[in-house]
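Here the structure is laid out as structure tokens; the discussion comes afterwards.
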Amino acid sequence: MVDLVTRLLVRQEISFIPTIQLRASIYGAIIGELVFTSYFAASNYDEKPFFIYEPIPIPFNHAHKRVRLAQMPAYIGIHPDSRQFVRWSREEAEYCCFEVMTSCSITPVIQRDLQDTCIYQVLTDTPLTACRIEPYPDLVFVHKIGDYWAISTNSTTKCHSANSLDSDQYKVMDNHAITLPPTALISTKASMALSCDFLLTRTSNPIKIKTCFISKRHN
């Protein structure tokens, strides 16, 4: 609870209010009082919520190099009707916890024009002329997205799927070979493991779409 309150804290003020008449105390005369005022980010339920997404830049092969989209925001919020949007950088997102809160102490300015941005080109599957790329050195990228695994390698990868068993159970079973392309989005059952040069099992929590109430501050 303390962490949530701290994340929502916007600013604090300390004011000195002098007394009209001096008052005595065991520590001496009281000449005034200190008033501490805290300001918190609160949801405005009169506003329609923004849908919050977490972009995951998946590496891909380009010109014989492994790269991924650069300068991607940590979160983006899109208004479902007006198509207005906001974006949080990694530094701004440190104060947000959309998994448990619908507000963030830092709310970037709402932007109106989305069409000239890399995010718009990604969402509309148009040529990425507004995007920048950066090198990605690792040969294997694996990330859990909802009920799926996003996998990126430098070439096609042969894997085998098999049912997961308890450590004290032994059973002879068929394992089915599959070939993954360099970039793949696959689903695995709770009892299924995928063995490649790496091992995939359903152990991590899924990423969910979130909603957020944002006060309007336009750019």
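Going by our numbering, 203 is the number at position 129 of the sequence shown; the sequence numbering is gapless.
C-beta atoms are modelled at their ideal positions from N, C-alpha and C, and glycine is treated no differently.
Ends of the beta strand (DSSP E) at residue i?
i, result
"R186", "Per DSSP, R186 belongs to no beta strand (DSSP E) and is neither H nor E."
"H136", "F134 to H136"
"T203", "First-last for T203: undefined, no H or E at that position."
"R140", "K139 to L143"
"L213", "From DSSP, L213 is part of no beta strand (DSSP E); its letter is neither H nor E."
"I253", "First, the residue type needs correcting, since residue 253 is Thr and not Ile in the sequence shown. T253 -> beta strand (DSSP E) spans H250 to L254."
"F172", "Counting along the chain, F172 falls outside any beta strand (DSSP E), and DSSP gives it neither H nor E."
"A220", "One detail in the question is off: residue 220 reads as Gly in this sequence, not Ala. Per DSSP, G220 belongs to no beta strand (DSSP E) and is neither H nor E."
"S261", "T257 to S261"
"Y127", "F124 to Y127"
Going by beta-carbon coordinates alone, are residue i and residue j separated by less than 9 angstroms?
i, j, result
"R140", "P211", "yes"
"L202", "L259", "no"
"I184", "C170", "no"
"P147", "P129", "yes"
"S269", "H234", "yes"
"L96", "I88", "no"
"T227", "T253", "no"
"S163", "W223", "no"
"C21", "C192", "This structure gives no information on residue 21, because the portion of the chain shown stretches from 75 to 293."
"I207", "H136", "yes"
"T257", "I225", "yes"
"A167", "Y194", "no"
Considering just the uninterrupted stretch of the alpha helix (DSSP H) at residue i, what are its terminal residues?
i, result
"E166", "R164 to A167"
"L197", "C192 to L197"
Counting C-beta neighbours from all protein chains within 10 Å, is the total for residue i 16 or more, i.e. buried, or is it exposed?
i, result
"N279", "Confidence in N279 is poor, its pLDDT being 43 and thus under 50, which makes the residue's placement too unreliable to answer from."
"V109", "exposed"
"T93", "exposed"
"V214", "exposed"
"T111", "exposed"
"I288", "Reliability of the predicted coordinates at I288 is poor, the pLDDT of 40 falling under 50, and the value obtained from them is presented with this limitation in mind. Classification for I288: buried."
"G102", "exposed"
"F124", "buried"
"T200", "exposed"
"Q86", "exposed"
"R186", "exposed"
"P209", "exposed"
Report yes or no: is there a C-beta of chain C within less than 9 angstroms of the C-beta of residue i?
i, result
"I252", "Looking at the structure shown, chain C is missing, and only one protein chain is on hand."
Hey, residue i and residue j are a contact pair by Cβ (cut 8 angstroms); roughly how many whole angstroms apart?
i, j, result
"I126", "F172", "5 angstroms"
"E107", "I91", "5 angstroms"
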